[in-house]
Amino acid sequence: MHPGDELDVMSPQGTFITRLEDLDGRHLVGIAAGSGITPLMALATAVLERSVTSRFTLVYTNRSRSDVMFLDDLADLKDRYPSRLALHHVLSREQRTAPLLSGRIDEAKLRTMLDVLIRPATVDEWFLCGPFDLVQLCRDTLIDVGVDRTHIRHELFTTGEPGQAPVGSVGRPVIVVPDEPVCHIRFTLDGQSADVDSPASAHETVLNAALRVRADVPYACAGGVCGTCRARLLEGDVRMTENYALEPEELERGYILTCQSHPTTESVVVDYDV
Ligand code: FES
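Every letter in the sequence shown is one number past the one before it in this note's numbering, and letter 256, counting from 1, is 248.
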C-alpha cells in the first residue's frame, strides 16, 4: 500500500441494527461484555440523540473497573440523558455497593435483573454483544421469560472450530487423491461464476473451496458469527456446522454461511450476489 492508493471495500453487512426513523417511545436494551460495548455505545448514542422519547438501558459487564472501555464516554452519555439512559456496570471481580451488580452474570442474576432493573414487558428490542456463553445465556433466558426471539439481536466475539478456517485469502490447501469422489462447486460472485472441485475426504467448507480459486470471496470470522460469507444455495445441499448469524427466515429462503457449509451432494451451486 502507498499513500493515494484506493481500496475497494465491502458495504456494511449484518443485522445488529435498529430502525432509527422509528424510535419514538421505544425502549431498547443492550447487554455487553468487554469490547462488546463498541457497537452498543454507538447504538445507544444514536438512539438517544434521534428521539427525545426513546429510552436505552445498558448493562455492561467487565472484570473490574479498570477494564471498562469508554468509561468517561459512558458517564458523559449518562449526564446528557439522565432520565432516558439507564446504565448498569456489572463487575465480576470487584465488589460494588449493590450485590446485583457484583459478580459474574449467571442465570439467577440475569433473572433478578430482568425482574427489578429492566422488566422485559417494557422493552421493544434487545441487543446482546459479547462472548458466546454470555450471549447464549441472555438469549435463552430472554426467550424463556417470554421475549419474542425476533426482538433479540446478537453479535458474538468468536466461536468456530480451530483449524478449519481458511488461511488468509487463499483457502486451506487440500490433498486430491486420484479417483476419489469430489463435489463440484459452482459459485457466482460479482456477476462472475467459477467452478472448483472439492474432494470428499477433505471435508472442506464451500468457502474454503471457493477461496482456492478466487481470493476475493468474502469472509471475516470464519466461525459462523458475522454473516459476511452468506450466499444463497441454488442447487444441491450442505450441512452447516454452526450458525450464529442467519435468522430462521434467511435459512428458509435458502441462505447459508459458506464458512460453515460442507457439501453433502455431488454438486452444489451458490450465489453470493443475491
Ligand atoms: S465468515 Fe463470518 S459467518 Fe462466515
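We put the CB at the ideal spot given by N, CA and C, even for glycine. This one's a predicted model, so the numbers in the text were calculated from it and none came from an experiment.
Of the listed residues the options, nearest to residue i (C-alpha basis)
i: histidine 19; options: Leu225, Ser27, Ala237, Val44; result: Val44
i: aspartate 182; options: Thr104, Asp208, Cys121; result: Asp208
i: aspartate 263; options: Ala212, Glu244, Ala202, Glu234; result: Ala202
i: glycine 216; options: Arg231, Asp59, Leu134; result: Arg231
i: serine 56; options: Leu50, Glu172, Leu69, Arg85; result: Arg85
i: proline 31; options: Pro74, Gly122, Met105; result: Gly122
i: valine 168; options: Ser58, Glu196, Ala186, Leu225; result: Glu196
i: histidine 81; options: Met61, Leu35, Ile9, His254; result: Met61
i: glycine 26; options: Pro240, Glu244, Ser58, Gly6; result: Ser58
i: alanine 186; options: Glu172, Arg206, Pro240, Leu102; result: Arg206
Integer-rounded CB distance, given that residue j should sit under 8 Å from residue i
i: serine 190; j: glutamate 227; result: Not quite, the Cβ-Cβ distance comes to about 15 Å (not below 8 Å), so this is no contact.
i: serine 46; j: arginine 88; result: About 27 Å; that fails the 8 Å criterion.
i: glycine 28; j: phenylalanine 124; result: With a Cβ gap of about 11 Å, glycine 28 and phenylalanine 124 do not count as contacting.
i: leucine 83; j: leucine 93; result: 7 Å
Cutoff 7 Å; reference residue i; Cβ partners in own chain excluding five residues on either side
i: arginine 42; result: Leu12, Leu15
i: valine 174; result: Asp189, Ser190, Pro191, Ala192
i: proline 154; result: Bear in mind that a pLDDT of 45 at proline 154, under 50, signals an unreliable position, so the model cannot answer this.
Residues that residue i bridges to, as DSSP identifies them
i: histidine 254; result: Arg231
i: valine 51; result: Ile23, His80
i: leucine 109; result: Paired residue(s): none; leucine 109 is not in a bridge.
i: glycine 122; result: Leu148
i: isoleucine 177; result: Val188, Val260
i: leucine 281; result: In the structure as shown, the chain begins at -7 and stops at 266. Residue 281 is therefore absent and cannot be evaluated.
i: glutamate 117; result: Leu20
i: serine 94; result: Leu83
Contacting residues, own chain, Cβ-Cβ under 6 Å from residue i (five flanking each side not counted)
i: threonine 250; result: Val198, Leu199, Cys221, Ala223
i: tyrosine 211; result: Leu199, Thr220, Cys221, Cys251
i: leucine 120; result: Ile23, Val127, Cys130, His146
i: aspartate 116; result: Arg18, His19
i: threonine 257; result: Gly228, Asp229
Close-in-space but distant-in-sequence residues of the same chain around residue i (CB under 8 Å, 5 per side omitted)
i: aspartate 265; result: Thr180, Leu181, Asp182, Gly183
i: arginine 204; result: Val162, Gly163, Pro165, Val166, Val188
i: leucine 238; result: Gly219, Arg222, Tyr247, Ile248, Leu249
i: valine 108; result: Leu92
Neighbouring residues (CB closer than 7 Å to any heavy atom of the ligand FES):
Leu199, Tyr211, Ala212, Cys213, Ala214, Gly215, Gly216, Val217, Cys218, Gly219, Thr220, Cys221, Ala237, Leu249, Thr250, Cys251, Gln252
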